Amino acid sequence: MNKFFLVLVFLASTMPCYVLQAQQSTETTHLSDYFSPATGVKSPDDEGFIQRWLLLEPIDKPNRTNTVFTDSYIREAFATEYFLKQLTVLPKDGDKVKAGKQELTWHALDSKLFNVKLFRFASGLKKQVYGVLFWAVTVIECSEDIENVRMSVGSNSASMWWLNGEEAVILSGDRRMVKDDCMSRRLTLKKGKNIVRGAVINGPGMSDFCVRFIDENGVPVKKNINISYK
Amino acid sequence: MIMKTKTILLSAVTLMSVLTYEKAIAQIGAPYIHDPSTIMECSGKYYTFGSGGGGLISEDGWTWHGGGVRPGGGAAPDVVKIGNRYLIAYSATGGGLGGGHSGKVLTMWNKTLDPNSPDFEYTEPVEVASSVDDEDCDAIDAGLLLDPTDGRLWLSYGTYFGFIRLVELDPATGKRMDGNKEIDIAIDCEATDLIYRDGWYYLLATHGTCCDGPNSTYNIVAGRSRKVTGPYVDNVGRKMLEGGGKMVIAAGNRQTGTGHFGLFKVTDGVEKMSFHFESDFDRGGRSVLAIRPLLWKNGWPVAGEVFKEGTYEIESERRGYSLELSVDFVRMESVMYRLWEKDDKPLEPLKSQTLEDVIGTWSQGNINVRIGDYMFRPHQRWAITAVPDVGGYLGGTYYKIVIEGTNRALAATADAEVVTVPEFTGDPEQLWRIDQLTDGTYRIMPKKAPGIDKELVMVSVGDSTPSLGEFDMNSDNSKWNFRNH
Chain L
55 MNKFFLVLVF
65 LASTMPCYVL
75 QAQQSTETTH
85 LSDYFSPATG
95 VKSPDDEGFI
105 QRWLLLEPID
115 KPNRTNTVFT
125 DSYIREAFAT
135 EYFLKQLTVL
145 PKDGDKVKAG
155 KQELTWHALD
165 SKLFNVKLFR
175 FASGLKKQVY
185 GVLFWAVTVI
195 ECSEDIENVR
205 MSVGSNSASM
215 WWLNGEEAVI
225 LSGDRRMVKD
235 DCMSRRLTLK
245 KGKNIVRGAV
255 INGPGMSDFC
265 VRFIDENGVP
275 VKKNINISYK
Chain S
632 MIMKTKTILL
642 SAVTLMSVLT
652 YEKAIAQIGA
662 PYIHDPSTIM
672 ECSGKYYTFG
682 SGGGGLISED
692 GWTWHGGGVR
702 PGGGAAPDVV
712 KIGNRYLIAY
722 SATGGGLGGG
732 HSGKVLTMWN
742 KTLDPNSPDF
752 EYTEPVEVAS
762 SVDDEDCDAI
772 DAGLLLDPTD
782 GRLWLSYGTY
792 FGFIRLVELD
802 PATGKRMDGN
812 KEIDIAIDCE
822 ATDLIYRDGW
832 YYLLATHGTC
842 CDGPNSTYNI
852 VAGRSRKVTG
862 PYVDNVGRKM
872 LEGGGKMVIA
882 AGNRQTGTGH
892 FGLFKVTDGV
902 EKMSFHFESD
912 FDRGGRSVLA
922 IRPLLWKNGW
932 PVAGEVFKEG
942 TYEIESERRG
952 YSLELSVDFV
962 RMESVMYRLW
972 EKDDKPLEPL
982 KSQTLEDVIG
992 TWSQGNINVR
1002 IGDYMFRPHQ
1012 RWAITAVPDV
1022 GGYLGGTYYK
1032 IVIEGTNRAL
1042 AATADAEVVT
1052 VPEFTGDPEQ
1062 LWRIDQLTDG
1072 TYRIMPKKAP
1082 GIDKELVMVS
1092 VGDSTPSLGE
1102 FDMNSDNSKW
1112 NFRNH
């Protein structure tokens, strides 16, 4: 029983979208429960998950339900330009962008979990948590070419991911975040810097994602790579 | 006009066949419920409770109607029988829109589930778990497990909003055990339930999109653990704390949105799972109670199928021979080829033997049955159809089993044997209960053998000899397969 969904259905016809925002009246969680500032050298965790990300504060993108996230919808949603150079920029911690009337900040953070809890990123910054679109960027630095790897992604809700500017994975529909839910075709992590970029869209409910690379034997890629945001 | 009449007739026939089929696969009566609790048997009746209060009652497990009483409103209750009392857990929701996810799980007792009983009285509910706003948990959707290995009582709860959590309750009081701390056991699911089998604890959870009618992708998945406290892991080694889960049942048969698993053990080898379909297309898209056989494959729970009407070979699991009339085997004429001689004549398909070819050789009275080599002959082809208005059993209706194209019916006898009678009359000895067993085979049980009070099933007492006997899950003599080939 998803009570949130039921309540939404009940109220959808009478309440405007702007109420789909977190009420922070009784805070029991904080950003520091889930994230720490990104410092020093960072490797993937024991299972290869990438925990260091530059996260942009949520862009307002109202949706009362996640069931609208068809392939066509999210392709159009992610092709829409919300801020300048959104598909090419390698931001710095603290950089600000203008997305419509919103001024949003990039945050370089290390997740304390294998997944990146976007909901808690937003709520911890006292930003809206529902009806949102997140952008995430990270840099994977390889000491040598690593061929035939797949980008493995789970996300809540729909998302789209790029490696070095090329589309790698798309997760459509009302998704829950499941480890190794969707895989890219075989890719090459090239020697030097590789930019991973993702966009996650969510209406109501939690939002998060997990990303790692898997080799041809199904083994997480952990050796010879470091994660940075520069 | 003729075409139009034909079209109308064809449509009517199609509709009739659809209605008959749907009747045979879905609970009948008014089985409308959302988030059904585990089915309980109390004083010869079956009960399940749902969200919002109230519940369903059934005399036989097939026909369901309202009338269950469960106060407190709220969401998604569950029930467990402890001793001679029933413990009901349910959740009172306090949050919802705008980020609030406060919730409470409460428990209460009743000596009976029959609202007409003088003993029917709920105790005052007590809070056993809760969540506050902005916490990574949503304390609703209760699931109860009385551990059969040690008698400890466990409660799982939670939704997509954060963790599924496990707490221990006192089986004597239904209250939270003193000092017990909740344990996170899963994420990204809801409507959980715990069961135990063969040294494993299984966490059944509901994944997908809830409450979206015909578009609901709700589905039931499972993970398992050697310890009740986890970690629960799926078939590919993925923890349920990482979103893992192996499918138990999803949409099908014009029904979508499976959720809220519950287990009912009929006897060793006969297990039923209850849940809801959030949208039954043949019932206007309403949310309905569903009951399916629960199968176990390689240590994993899988939903079986409600028996589908059709014409089948009835194959004995003992040897693989087929149930048939004890009549003369009528040989088929055909050209015998000398394999060493070249023959360029065009190939002509052989015709199958038909009922008309052989029925004249059969007695018109009772005919015994035996088990023999399956040759897809008329005396081995059994047409099995649901019989309306004769009641049913948990998750199924009664069937008649006749030789295809005839009314010659399989029947139980007063001396605990099986025979065929020339005409189906609908008497209890001609009505058959068909349960899919946990290993995927079936047991075939007469509604009643004349003058015999014991439950008997059709058995293979010899490779070639059927009879009636007590059901034994550990013996292939008790098991049959239905093959359409």
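Going down the list, the sequences are from chains L and S. So for the first sequence, this note's numbering puts the first residue at 55; every next one is plus one. So for the second sequence, this note's numbering puts the first residue at 632; every next one is plus one. Ideal placement from N, C-alpha and C gives every residue a C-beta, glycine not left out. Values in this document were obtained by computation on a predicted structure and should not be read as measured data.
Rounded C-alpha distance that separates residue i from residue j
i, j, result
"residue 760/S", "residue 819/S", "19 Å"
"residue 974/S", "residue 273/L", "59 Å"
"residue 1030/S", "residue 214/L", "52 Å"
"residue 901/S", "residue 1108/S", "15 Å"
"residue 763/S", "residue 755/S", "23 Å"
"residue 156/L", "residue 113/L", "7 Å"
"residue 911/S", "residue 889/S", "10 Å"
"residue 61/L", "residue 665/S", "Confidence is the limiting factor: at residue 61/L the pLDDT is only 44, short of 50, which leaves the residue's position unreliable and the question unanswerable from this model."
"residue 851/S", "residue 758/S", "27 Å"
"residue 807/S", "residue 772/S", "17 Å"
"residue 252/L", "residue 216/L", "6 Å"
"residue 700/S", "residue 746/S", "6 Å"
"residue 192/L", "residue 145/L", "10 Å"
"residue 136/L", "residue 152/L", "8 Å"
"residue 77/L", "residue 723/S", "Any answer about residue 77/L is weak, because its pLDDT of 40 lies below 50 and its placement is not dependable; what the coordinates show is given next. Approximately 20 Å between the Cα atoms of the pair."
"residue 259/L", "residue 792/S", "7 Å"
"residue 652/S", "residue 1015/S", "Any answer about residue 652/S is weak, because its pLDDT of 43 lies below 50 and its placement is not dependable; what the coordinates show is given next. In a straight line, the C-alpha of residue 652/S is about 12 Å away from that of residue 1015/S."
"residue 283/L", "residue 147/L", "8 Å"
"residue 244/L", "residue 276/L", "14 Å"
"residue 689/S", "residue 210/L", "40 Å"
Buried versus exposed, by CB contacts within 10 Å (16 or more), residue i
i, result
"residue 705/S", "buried"
"residue 726/S", "A caution first: residue 726/S carries a pLDDT of 47, below 50, which makes its placement in the model unreliable, though a value can still be read off. Answer is buried; the Cβ neighbour count reaches 16."
"residue 265/L", "buried"
"residue 839/S", "buried"
"residue 89/L", "buried"
"residue 189/L", "buried"
"residue 857/S", "exposed"
"residue 867/S", "exposed"
"residue 985/S", "exposed"
"residue 929/S", "exposed"
"residue 981/S", "exposed"
"residue 983/S", "exposed"
"residue 1007/S", "exposed"
"residue 995/S", "exposed"
Any C-beta of chain L under 8 Å from that of residue i
i, result
"residue 850/S", "no"
"residue 912/S", "no"
"residue 819/S", "yes"
"residue 809/S", "no"
"residue 843/S", "yes"
"residue 649/S", "Bear in mind that a pLDDT of 43 at residue 649/S, under 50, signals an unreliable position, so the number given afterwards is only what the model happens to contain. Not closer than 8 Å to any Cβ of chain L, the Cβ of residue 649/S fails to qualify, so no."
"residue 915/S", "no"
Within chain S, the residues that residue i reaches when beta carbons sit closer than 9 Å
i, result
"residue 233/L", "869, 870, 873, 874, 875"
"residue 83/L", "765, 766, 767"
Beta-carbon neighbours of residue i, restricted to chain L and to distances below 7 Å
i, result
"residue 840/S", "121, 228"
Within chain L, the residues that residue i reaches when beta carbons sit closer than 8 Å
i, result
"residue 846/S", "121"
"residue 793/S", "260"
Closer than 8 Å to chain S by CB, residue i
i, result
"residue 252/L", "no"
"residue 197/L", "no"
"residue 178/L", "no"
"residue 257/L", "no"
"residue 280/L", "no"
Inter-residue CB distance, residue i and residue j (contact presumed, cutoff 8 Å)
i, j, result
"residue 814/S", "residue 861/S", "7 Å"
"residue 894/S", "residue 816/S", "At roughly 18 Å, the Cβ-Cβ gap does not stay under 8 Å, so residue 894/S and residue 816/S are not in contact."
"residue 1115/S", "residue 942/S", "7 Å"
"residue 248/L", "residue 194/L", "4 Å"
"residue 782/S", "residue 824/S", "Between residue 824/S and residue 782/S the Cβ distance is about 18 Å, and since that is not below 8 Å, they are no contact."
"residue 1002/S", "residue 1113/S", "The pair is not a contact, with the Cβ atoms about 14 Å apart (cut-off 8 Å)."
Within chain S, the residues that residue i reaches when beta carbons sit closer than 7 Å
i, result
"residue 208/L", "874"
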